[in-house]
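Q:
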Amino acid sequence: MTHQTADITQAVLDRLDGCTDERFKQILSAVIRHAHALVREVDLTPDEWMAAIQFLTRVGQTCDTKRQEFILLSDTLGISMLVVQLEQARRSAKALQDKTARAMPTEATVQGPFYWEGAPELPLGADIGEGMPGEPAYYSGRVTDTHGRPIARCCVDVWSGDGEGVYDMQMGEEAGMRLRARFYTDDEGHYRFWSIKPTYYPVPDDGPVGDMLRRMGRHPNRPGHIHMMVYRDGYVPLTTHLFAADSPYLDSDAVFGVRDSLIVPYEKHAPGTAPDGRRMDRPFHTCRYDFTLAPAA
Ligand code: BEZ
Ligand code: FE
Numbered sequence: 266m267t268h269q270t271a272d273i274t275q276a277v278l279d280r281l282d283g284c285t286d287e288r289f290k291q292i293l294s295a296v297i298r299h300a301h302a303l304v305r306e307v308d309l310t311p312d313e314w315m316a317a318i319q320f321l322t323r324v325g326q327t328c329d330t331k332r333q334e335f336i337l338l339s340d341t342l343g344i345s346m347l348v349v350q351l352e353q354a355r356r357s358a359k360a361l362q363d364k365t366a367r368a369m370p371t372e373a374t375v376q377g378p379f380y381w382e383g384a385p386e387l388p389l390g391a392d393i394g395e396g397m398p399g400e401p402a403y404y405s406g407r408v409t410d411t412h413g414r415p416i417a418r419c420c421v422d423v424w425s426g427d428g429e430g431v432y433d434m435q436m437g438e439e440a441g442m443r444l445r446a447r448f449y450t451d452d453e454g455h456y457r458f459w460s461i462k463p464t465y466y467p468v469p470d471d472g473p474v475g476d477m478l479r480r481m482g483r484h485p486n487r488p489g490h491i492h493m494m495v496y497r498d499g500y501v502p503l504t505t506h507l508f509a510a511d512s513p514y515l516d517s518d519a520v521f522g523v524r525d526s527l528i529v530p531y532e533k534h535a536p537g538t539a540p541d542g543r544r545m546d547r548p549f550h551t552c553r554y555d556f557t558l559a560p561a562a
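Residue numbering for the sequence shown follows the working numbering, starting at 266 and increasing by one per position.
So, in structure tokens, the structure goes:
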């Protein structure tokens, strides 16, 4: 009798025989098959496997309550965005089945690490960029459903870095919440607020993921964008960004989050009267974007 296994991959897969959770079994068997195939494909050495384990250990050790290096790893390897795209495809397929739908739901993109739940609820038209570095920008648009009906009292939860690419969460404890707020659409589904025009910035690259990017010969930058989470009961929530059309790095976003449908021109204006009647004594931008949400059921 031999205790030796002829095919170690099959032997590991066989140990899932007692697993009763079908989805877990499907995922784990794929992990085993693909990981074993990878080891065979590159003919991995023990030193290389140990280096990989040490890298993943450092990724874990870099995580704390404010920093999630594993998500950053997933983002920079394109896995987060692939998962978002698969979900988007499911939503679009559902919308296509609805013969009365007039529009596709707005495309989603990665959430990123800088969402902070509980941003202040502010009245429409409020300025969240006041006193922050960056050129002022007036944002406006409408939220409708896939049938073109306005969604009133819809939350538009926004956050961005400042005009130098720095998020409040990176400014130190005392900064508190900056450049983020929740706005609720009016009866016709309109939203509007003031902030700044965001600029490009690097993802946190002072940890193991930054080392990986450098070793890959990659830059860590993301094109300028403002994050939006748009949600209301009865609709599929949307997590997305608007990207500034003139920003560098649109073609090489470090986290692969750019979708053409989310690239928006920021129109620059000389000092004067803004669309909401506000007198501006310095140049400002306007950015208009309409969101479409799919019904939840
Ligand atoms: C961001 O957009 O803020 C972001 C997204 C993914 C990784 C790091 C930062
Ligand atoms: Fe961001």
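C-beta atoms are modelled at their ideal positions from N, C-alpha and C, and glycine is treated no differently.
Nothing here was measured: the structure is a model prediction, and the numbers come from that model.
Quick one: measure Cβ to Cβ for PHE379 and TYR432, integer angstroms, because I've assumed they're closer than 8 Å.
A: Here residue 379 corresponds to residue number 114 of the sequence shown, with the count starting at 1. Here residue 432 corresponds to residue number 167 of the sequence shown, with the count starting at 1. Indeed, because the Cβ distance is near 4 Å, the residues count as touching under 8 Å.
Q: Can you confirm whether the stretch 353-372 touches the stretch 419-428 when touching is taken to mean that 3 or more C-beta pairs between the two stretches lie within less than 8 Å?
A: In short, these stretches do not touch, since the Cβ pair count stays below three.
Q: Would DSSP call GLU382 helix, strand or coil?
A: Here residue 382 refers to the residue found at position 117 when the sequence shown is read from its first residue. Here GLU382 sits in coil by DSSP.
Q: Please identify the residue among ALA561, LYS290, PRO388 and GLN362 whose C-alpha is closest to the C-alpha of LEU278.
A: Residue numbering aside, residue 278 sits at position 13 when the sequence shown is read from its first letter. If we check each option's Cα against that of LEU278, LYS290 comes out closest.
Q: Taking 8 Å as the threshold, find out whether the stretch 529-542 comes into contact with the stretch 434-441 through three or more Cβ pairs.
A: With a cut-off of 8 Å, the stretch 434-441 and the stretch 529-542 do not count as touching, because too few Cβ pairs lie within range.
Q: With respect to the beta strand (DSSP E) encompassing SER405, which residues constitute its N-terminal and C-terminal limits?
A: Taking the first residue of the sequence shown as position 1, residue 405 is located at position 140. Segment 401-410, the beta strand (DSSP E) holding SER405.
Q: Hey, how far is the Cα of ASP340 from the Cα of ALA519?
A: Walking along the sequence shown from the start, residue 340 turns up at place 75. Walking along the sequence shown from the start, residue 519 turns up at place 254. So the alpha carbons of these two residues sit roughly 8 Å apart.
Q: Let me check one thing: in DSSP terms, what residues is ARG447 bridge-paired to?
A: Here the question's residue 447 lines up with position 182 in the sequence shown. Partner(s): GLU386 and ASP422.
Q: Answer yes or no: do THR538 and ARG544 have a C-beta to C-beta separation smaller than 8 Å?
A: Residue mapping note: residue 538 aligns to position 273 of the sequence shown, counting from 1. Residue mapping note: residue 544 aligns to position 279 of the sequence shown, counting from 1. Against a cut-off of 8 Å, the Cβ pair of ARG544 and THR538 comes out as a contact.
Q: Please say whether MET369 and ALA360 have beta carbons closer to each other than 8 Å?
A: In the sequence shown, residue 360 corresponds to position 95, counting from 1. In the sequence shown, residue 369 corresponds to position 104, counting from 1. Cβ distance < 8 Å, so ALA360 and MET369 count as in contact.
Q: Given 7 Å as the limit, tell me if ARG487 has its C-beta closer than that to any heavy atom belonging to the ligand FE.
A: Against the sequence shown, residue 487 aligns to sequence position 222. The answer is yes for ARG487.
Q: So, helix, strand or coil for MET494, using DSSP?
A: By one-based count along the sequence shown, residue 494 stands at place 229. MET494: strand per DSSP, three-state reduction.
Q: Can you check DSSP and say which residues form a bridge with SER460?
A: Counted from its first residue, the sequence shown places residue 460 at position 195. SER460 pairs with ALA402.
Q: When the Cα atoms are used, what is the spatial distance from ASP516 to SER526?
A: In the sequence shown, counting from the first residue as 1, residue 516 sits at position 251. In the sequence shown, counting from the first residue as 1, residue 526 sits at position 261. Distance between the alpha carbons of ASP516 and SER526: 14 Å.
Q: Tell me, please, which residues DSSP counts as bridged to PRO560.
A: Taking the sequence shown and counting its residues from 1, the one referred to as residue 560 is at position 295. Bridge partners of PRO560: TYR500.
Q: Using a Cβ-based criterion (distance less than 7 Å to any ligand heavy atom), does GLY394 qualify as near the ligand FE?
A: Numbered from its first residue, the sequence shown carries residue 394 at position 129. No, Cβ of GLY394 sits at least 7 Å from all heavy atoms of the ligand FE.
Q: Tell me the DSSP bridge mates of ALA509?
A: Working through the sequence shown from its first residue, we reach residue 509 at position 244. ALA509 is bridged to VAL529.
Q: Should ALA489 be labelled buried (16 or more other beta-carbon atoms within 10 Å of its own) or exposed?
A: Residue numbering aside, residue 489 sits at position 224 when the sequence shown is read from its first letter. In the sequence under discussion, the amino acid at residue 489 is Gly, which differs from the Ala named in the question. GLY489 should be labelled buried.
Q: Between LEU337 and the ligand BEZ, is the CB less than 7 Å from at least one heavy atom?
A: Locating residue 337 in the sequence shown gives position 72, counting from the first residue. For the ligand BEZ, at least one heavy atom lies less than 7 Å from the Cβ of LEU337.
Q: Report the three-state DSSP secondary structure of GLY413 (helix, strand or coil).
A: Stepping through the sequence shown from its first residue, residue 413 is reached at position 148. DSSP places GLY413 in coil when its eight states are reduced to three.
Q: Indicate the three-state DSSP secondary structure (helix, strand or coil) for MET442 in the structure shown.
A: Within the sequence shown, residue 442 is the residue found at index 177, counting from 1. In this structure, MET442 counts as coil in the three-state DSSP scheme.
Q: Output the distance between the C-alpha atoms of MET571 and GLY454, rounded to the nearest integer angstrom.
A: Look at the range of the chain in this structure, 266 to 562, and you will see that residue 571 is not part of it.
Q: Would you mind stating whether THR270 and ARG298 have Cβ atoms separated by less than 8 Å?
A: Residue 270 sits at position 5 when you count from the first residue of the sequence shown. Residue 298 sits at position 33 when you count from the first residue of the sequence shown. Contact flag unset, no.
Q: What residues in its chain sit with their C-beta under 7 Å from that of HIS301, if we drop five residues either side in the sequence?
A: One-based indexing of the sequence shown puts residue 301 at position 36. The residues are THR274.
Q: So, for CYS284: in the same chain, excluding its five sequence neighbours on each side, which residues have a beta-carbon less than 8 Å away from its beta-carbon?
A: The residue given as residue 284 occupies position 19 in the sequence shown. Taken in chain order, the residues that qualify are LYS290 and LEU293.
Q: Could you check what DSSP says for MET346 in three-state terms: helix, strand or coil?
A: Looking up residue 346 in the sequence shown gives position 81. Looking at MET346 - three-state DSSP - the assignment turns out to be helix.
Q: CB of GLY377 to nearest heavy atom of the ligand FE: below 7 Å?
A: For the purposes of this step, residue 377 is taken as residue 112 along the sequence shown, with counting starting at 1. Yes, the ligand FE has a heavy atom inside 7 Å of this Cβ.
Q: So, does the stretch 386-394 touch the stretch 474-485, judging by three or more C-beta pairs under 8 Å?
A: Segments in contact, no.
Q: Excluding five sequence neighbours on each side, which residues of the same chain lie with their C-beta closer than 8 Å to the C-beta of ASP410?
A: Stepping through the sequence shown from its first residue, residue 410 is reached at position 145. The answer, listed in chain order, is ILE416, TYR500, THR557, LEU558, ALA559 and PRO560.
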